[in-house]
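Since the structure comes first, as structure tokens, the remarks are kept for the end.
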Amino acid sequence: MSNTTMGSTTRSCDAYLLFNGETLLPNGVRAFLCTVALAYCFIGLSAITARFFKSMESITNHSREVVTVDTETNTPIVKHEKVWNYTIADIALLAFGTSFPQISLATIDAIRNLGQLTAGGLGPGTLVGSAAFDLFPIHAVCVVMPRAGSMKKISDLGVWLVELFWSFWAYIWLYIILEVWTPNVITLWEALLTVLQYGLLLVHAYAQDKRWPYVSIPLGERPEDWVPAEDTSLHHDKNCDENSDILPSENDDVVDIFSIHSYSNAGYHHVPEKDIEESSKTTLVVKNTQEDIYWLSVWRQQFVDAVMLESPELKKMDPVCLRFIIICWNSIIAPWKLLFAFVPPYQIAHGWIAFIFSLIFISGIAYGVTNITDQISCVTGLNPYVIAFTALAAGTSWPDLVASKIAAERQVTADSAIANITCSNSVNIYVGIGVPWLINTVYNFFAYQEPLYIDNAAGLSFSLLVFFATSFGCITVLVLRRIVFGAELGGPRLWAWATSAYFMVLWVVFVLLSSLRVSGVI
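Heads up: the sequence shown at position 92 corresponds to 92 in UniProt numbering, and the numbers run straight through without jumps.
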């Protein structure tokens, strides 16, 4: 069994990565420095995620004005409807966005591997490891997030079951194409079918959300525009605002990404038709001028905030030790904040420009992460799959953890928190593995008339089997909690913490067995 992948063998340990003279240092020192650099990249990833969430909120909050006529009074009724459907926003933006670090890392690994018949290992290893991290540690965090005694359950079981089905089918499909249809080989059609199934997931989830006949699961009735409500009983501490761009639950500067699902009928009102026309023309000119001035000032303020180590609110804090720690932390992340200040304000173009810029920065960090990981594997002799299952999976899954944690804290139901986990796992396979494999198979087909060979397919398939077994244990416990306590999250603190510990044990089992297998120990 090969201990290296084609993507990692192209780099020599004699080449420096961080600075000149690095090769003169002992391998242990080089490994330590690379690990610190990798951790710093993850910090940067967390910082850009904050801006990414803001842009995503702006996109999904975009609404259109719909004017209908009241049949009784014959007067126009102005209704502001959101452009994005709640379920589609969860899958197409939220899950895709939180999984983009893994997707970009896998895609970069595939592009670097063009011209070689064997696929790289960092991408698939990271995505399968990320699925385990999403399912176990993130569930472990979410289950203890509700306040003591409070419980949060999945309200729309139909949508969750659809998402869960496609999540599990994704890994069954991966096992089939790796071990059954064409063992150790991925063909062009297999890669293409993998990507197309993401579209089927979107259609099926939308059909379930709209309760289409024959293709949806009839599990109760709910309003057509239903979305999980905000938990208004929460009071967030404002003393530490603006201390960090990577602590969303404690920082107003980081958006509550699940406010994208808020919905209100308060915007419905009767307006005379003449007033609609005149008001639209007058307001448009004034609004455009004000917006131009506003976003320019906001963009300038981003650079000011990036170099500010101590905010006015922080100066009012009494504990000197805490202030010192926060100033030190702000000094560490200041280079990242200054770099990401170049991301245009999310108020422009409904957030799309900031969204694209954020993805570009995330891709840049992912490129650095792949190079650093190669170097760590080279100087330590660790199998790249082991690094992918552990460090890379945990580091790139940070946005998933943040998203689900916020939802578990701030939403009345568990729908958003658990949906983000299941949807992210689906996106990891259909897009995160499907797109890179499609890139490689298309290139190999036209350049060599050959398929894509998977160097460590046996180890990857073994990890999938372990994932199936452990994930069954995870879902079973969630179902039992629903039956016994009436909710998946929260409940008695003792049982909540016991469930959390159980999920963490499942993750350790997955990581340990998978790492031993790909290393050739078992």
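Even for Gly, the Cβ is constructed at its ideal location relative to N, Cα and C.
| Query | Result |
| --- | --- |
| Have a look at S63 and K210 and give me their C-alpha separation to the nearest angstrom. | 19 Å |
| Which class does R211 belong to by DSSP, given the choice of helix, strand or coil? | coil |
| Just to confirm, is the Cβ distance from I91 to S426 under 9 Å? | yes |
| Would you list the one or two residues that DSSP bridges to E65? | H80 |
| To the nearest angstrom, how far is the alpha carbon of D253 from that of A50? | Unreliable placement is indicated for D253, whose pLDDT of 37 sits below 50; the coordinate value is still reported in the next sentence. For D253 and A50, the distance between alpha carbons rounds to 8 Å. |
| Helix or strand or just coil, what does DSSP make of I522? | coil |
| Between P76, G125, W84, which has its C-alpha nearest A391's C-alpha? | G125 |
| What is the DSSP secondary structure of K274, counted as helix, strand or coil? | At K274 the pLDDT is 45, less than 50, meaning the model places this residue with poor confidence; the figure from the coordinates comes in the next sentence. Helix. |
| How many Å lie between F133 and A408 at the Cα? | 17 Å |
| Please classify N74 as buried or exposed, where buried requires at least 16 other C-beta atoms within 10 Å of its C-beta. | exposed |
| Determine the direct distance from the alpha carbon of N371 to that of residue 558, and round the result to whole angstroms. | Nothing in the structure corresponds to residue 558, since the chain is present only between 1 and 522. |
| In the DSSP output, which residue or residues are listed as bridge partners for Y453? | T118, V185 |
| By Cβ distance, which residues of its chain are closer than 8 Å to E488, with the 5 residues on each side in sequence left out? | V143, K152, K153, I154, A414, I418, L478, R481, R482 |
| Can you name the residues that DSSP bridges to L489? | K152 |
| Using 9 Å as the limit for Cβ to Cβ distance, is A207 near chain C? | This model lacks chain C altogether; it includes just one protein chain. |
| For the alpha helix (DSSP H) that V143 lies in, which residues bound it at each end? | 139–143 |
| As a quick exercise: from L93, G459, V69, L322, pick the residue whose alpha carbon is nearest that of I388. | For the record, residue 388 in the displayed sequence is Ala; it is not Ile. Considering only alpha carbons, the answer is G459. |
| In whole angstroms, give me the CA-to-CA distance for L105 and C423. | 19 Å |
| As a quick exercise: from W84, I88, L193, R300, pick the residue whose alpha carbon is nearest that of L438. | L193 |
| Please state whether DSSP places Q411 in a helix, a strand or coil. | strand |
| Quick one: give me the first and last residue of the alpha helix (DSSP H) that T49 is part of. | 27–60 |
| Count the other CB atoms within 10 Å of the CB of D374; is the residue buried (16 or more) or exposed (fewer)? | buried |
| Pull up the CB-CB distance for I217 and V162, whole angstroms please, since I reckon it's below 8 Å. | 7 Å |
| With distances taken Cα to Cα, identify the nearest neighbour of N27 among F446, T380, D305, S471. | T380 |
| DSSP three-state label for D14, please. | coil |
| Using 8 Å for Cβ pairs, my map puts A37 next to L18. What's the rounded Cβ distance? | 6 Å |
| With 16 other CB atoms within 10 Å as the buried threshold, where does Y448 fall? | exposed |
| A119 and P436: beta carbons closer than 9 Å? | yes |
| What are the start and end residues of the alpha helix (DSSP H) that includes T98? | 96–112 |
| So, for Q302: in the same chain, excluding its five sequence neighbours on each side, which residues have a beta-carbon less than 6 Å away from its beta-carbon? | A341 |
| Could you give the C-beta distance for V128 and F467, rounded to a whole number, given that I count them as a contact under 8 Å? | 7 Å |
| Going by C-alpha to C-alpha distance, which of L202, N428, L201 sits closest to T396? | N428 |
| Apply the 10 Å Cβ neighbour rule to W497 and answer buried if 16 or more other Cβ atoms are within range, or exposed otherwise. | exposed |
| Could you tell me the boundaries of the alpha helix (DSSP H) in which Q347 lies? | Counting along the chain, Q347 falls outside any alpha helix (DSSP H), and DSSP gives it neither H nor E. |
| Go ahead and pull the three-state DSSP assignment for N74. | coil |
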